[in-house]
Amino acid sequence: MKKNHLTYVYQNGRKNRLAKENYPKEFFYGLDFLKSQFETFDVVEFSKDNNNKILKKISKFMEKITG
Numbered sequence: 004m005k006k007n008h009l010t011y012v013y014q015n016g017r018k019n020r021l022a023k024e025n026y027p028k029e030f031f032y033g034l035d036f037l038k039s040q041f042e043t044f045d046v047v048e049f050s051k052d053n054n055n056k057i058l059k060k061i062s063k064f065m066e067k068i069t070g
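So the sequence shown is numbered by the working numbering: it starts at 4 and just counts up by one.
Pasting the structure below:
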């Protein structure tokens, strides 16, 4: 049974690589396998300007919900 939706969060530059037919799959942390397990998927990409602030907030949030 497939799950509904998957969202991956990356720093800038990954969407360009994903758009290519041949890309280094090991740099995408299992995205190819997980895409087959979900009905739809999305890639969110942050620009370098906002990376540190936003990623720190996401990291703190993930630490809180995962213990």
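We treat Cβ as the ideally placed atom computed from N, Cα and C, and that holds for glycine. No experiment lies behind these values; they were computed from the predicted model shown.
Helix, strand or coil at residue i [DSSP, three-state]
i: GLU48; result: strand
i: ASN25; result: coil
Other residues of its chain near residue i: CB distance less than 7 Å, five sequence neighbours each side excluded
i: PHE36; result: none
i: LEU34; result: TYR11
Span of the beta strand (DSSP E) around residue i
i: ASN15; result: It is not in any beta strand (DSSP E) - ASN15 carries neither H nor E in the DSSP assignment.
Beta-carbon contacts of residue i that lie in its chain and below 8 Å, excluding the five residues immediately before and after
i: LYS6; result: GLN40, PHE41, GLU42
i: LYS38; result: LEU9, PHE44
Sequence-distant residues of the same chain with beta carbon closer than 6 Å to residue i, five excluded per side
i: LEU28; result: The amino acid at residue 28 is misidentified as Leu; the sequence shows Lys. Counting only Cβ-Cβ distances below 6 Å, and skipping sequence neighbours, we find ASP35.
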